[in-house]
Amino acid sequence: LAALLGRTRAAVLRSLITPASTTQLARRVRISLASASEHTRILRAAALLTTHRSQGTSLHSLTPTAQTLLVQNS
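As structure tokens, this is what we get:
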């Protein structure tokens, strides 16, 4: 998976087994908030995650496609 997406984006996907806000995601993967935001934008454009606003916070979660990729590459 890292060869396809890059190490950080693969880590972002793996960390989203449980949905998370951008701040939570940055902490989980140990990247800056700006970097987490950029990675989620790219992964959303690739249809690998979805983002929903809830109580003023963006919550990111995996799409079925991303879940399949993770299962096949674990």
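As numbered in the working numbering, residues 1 to 74 make up the sequence shown, in order. Backbone N, C-alpha and C fix where the C-beta goes; we use that ideal spot for every residue, glycine too.
Cα-Cα separation between residue i and residue j, rounded to whole angstroms
i: residue 57; j: residue 50; result: 13 Å
i: residue 74; j: residue 6; result: 15 Å
i: residue 31; j: residue 55; result: 24 Å
i: residue 67; j: residue 23; result: 21 Å
i: residue 35; j: residue 48; result: 17 Å
i: residue 25; j: residue 12; result: 7 Å
Assigned secondary structure, residue i (DSSP; H/G/I helix, E/B strand, else coil)
i: residue 15; result: helix
i: residue 5; result: helix
Enclosing alpha helix (DSSP H) for residue i [first to last residue]
i: residue 63; result: Where residue 63 is concerned, there is no enclosing alpha helix (DSSP H), given that its DSSP letter is neither H nor E.
*Where in the region 19 to 48 do unbroken runs of the beta strand (DSSP E), each at least 3 residues long, occur, reported from the N-terminal end onward?*
none
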